Every structure is written in C-alpha cells, then in structure tokens.
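Quick note, the sequence shown lines up with residues 40 to 197 if you use this note's numbering. Heads up, the beta-carbon is just placed ideally off N, CA and C, and yes, glycines get one too. Note that the structure is a prediction, hence the values are computed from the model and not measured. Structure first, then comments.
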Amino acid sequence: MAWRYNPFTGTLDRVGGSTTSTPAESTTQVVSTLKNNNGGSIAGVTPVVVDNLGGIDIIDVASFSNKTLGVTTATVGSGSNGEIILSGIIENVSIGFNKGEQLFVSKSGGLTNVEPSVGVNGFVAGDALIIVGEVTENGTTPANKDLLVNIRFIAELS
40 MAWRYNPFTG TLDRVGGSTT STPAESTTQV VSTLKNNNGG SIAGVTPVVV DNLGGIDIID
100 VASFSNKTLG VTTATVGSGS NGEIILSGII ENVSIGFNKG EQLFVSKSGG LTNVEPSVGV
160 NGFVAGDALI IVGEVTENGT TPANKDLLVN IRFIAELS
C-alpha cells in the first residue's frame with residue numbers, strides 16, 4: 040500500500056503498491072512523489088511541506104500553518120518530481136548528527152539537533168517547533184545511520 044497527497048482534500052489517499060516495513064522497527068513507510076515548486080533544488084534529507092498546489096517546498100518556521108510534512112529522500116531539482124517520506128525510515132543517510140539524536144526543523148528549514156526555543160539560533164516567538172525524527176543505527180550495517188522520520192508540528196514558540 041502507498042499513499043499520495045491529495046491537494047484538493049488535503050488528505051493522504053491510498054493508491055495501491057506495497058507497504059515497506061522494516062522488521063526491526065516495525066515501521067510502515069508512508070511515501071509520496073510530489074513536484075518541487077520551490078524554484079531551486081531541494082537537497083536530500085530536507086524537511087518539506089506540501090504547498091497549496093500539491094507540490095513541495097522547504098518549511099518556513101516563521102509562516103508555518105498546519106500542513107502535511109515530509110522529508111526528501113534525495114535531491115529534487117526545481118520543477119522535478121521527488122520522493123518524500125511522511126513517516127518511516129530513510130536508510131543510510133549521510134548527515135552530521137549522531138545516532139540517538141532527535142532532529143528538529145532549523146530556522147533556515149534544514150535540520151538541527153538543538154531544540155528550538157526563543158532566542159536560540161534565530162528563533163523568535165511565533166515560530167513553529169517541528170520535530171523531524173531520530174537518527175538511528177542502520178539495521179544491516181550498524182556503522183551507518185538511518186533517519187526514523189516521524190515529522191510533526193509540536194507548538195508555536197512563545
């Protein structure tokens with residue numbers, strides 16, 4: 040089973056295919072393929088939001104509204120379609136964070152391991168606090184890292 044974002048209803052609809060599970064984590068991967076409407080490339084392992092046109096854009100924590108969130112699995116060129124994970128595991132990621140660290144959306148829309156709060160790393164009152172997930176050990180090659188994506192809006196900073 041796979042899921043696709045429906046921009047007309049704002050929901051995720053089942054579209055057939057298969058469910059990808061990681062036995063060690065028992066995590067179902069929810070994946071969607073959407074168009075990059077950003078105007079530039081979006082790097083792999085970048086938190087994104089589904090925009091009003093049903094495409095993806097980098098999250099802006101200053102003007103975030105409760106929309107569907109995901110993480111790119113690879114670089115998505117401007118105007119190109121790319122795969123995003125709404126929840127599940129992105130395997131063998133090359134990121135500068137340690138296993139066990141919880142990751143958040145940074146002020147610039149990337150990843151940070153520092154929990155956002157007012158006055159830290161440019162965050163101000165009203166910015167969104169969004170958890171992306173956790174860096175985990177790869178089940179096949181323990182020296183490698185996976186990103187367990189469980190991206191969700193937590194609160195507006197005050």
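{"Query": "Option nearest Ser197 by Cα separation, candidates Pro155, Val174, Val188", "Result": "Pro155"}
{"Query": "DSSP-derived helix/strand/coil call for Gln141", "Result": "strand"}
{"Query": "Any chain B beta carbon closer than 8 Å to Glu130", "Result": "Any reference to chain B falls outside this structure, which holds one protein chain only."}
{"Query": "DSSP three-state assignment for Glu154, whether helix, strand or coil", "Result": "coil"}
{"Query": "Option in Asn77, Asn91, Ser104, Gln141 with minimal Cα separation from Thr111", "Result": "Asn77"}
{"Query": "Spatially closest choice to Ser145 from Glu130, Val70, Lys106, Phe192, by CA coordinates", "Result": "Phe192"}
{"Query": "Environment of Leu92 [buried if 16+ CB atoms lie within 10 Å]", "Result": "exposed"}
{"Query": "Nearest residue (CA-CA) to Gly149, options Thr72, Gly94, Gly135, Gly178", "Result": "Gly135"}
{"Query": "Opening and closing residue of the beta strand (DSSP E) in which Ala194 lies", "Result": "184-195"}
{"Query": "Assumed close pair Lys74, Val88 - CB separation to whole angstroms, cut-off 8 Å", "Result": "Incorrect: roughly 13 Å between the Cβ atoms, too far for contact."}
{"Query": "Straight-line Cα distance separating Ala113 from Ile129", "Result": "10 Å"}
{"Query": "Whole-Å CB distance - Val171 paired with Leu125, under 8 Å assumed", "Result": "Actually they are not in contact, since the Cβ atoms of Val171 and Leu125 sit about 12 Å apart, beyond 8 Å."}
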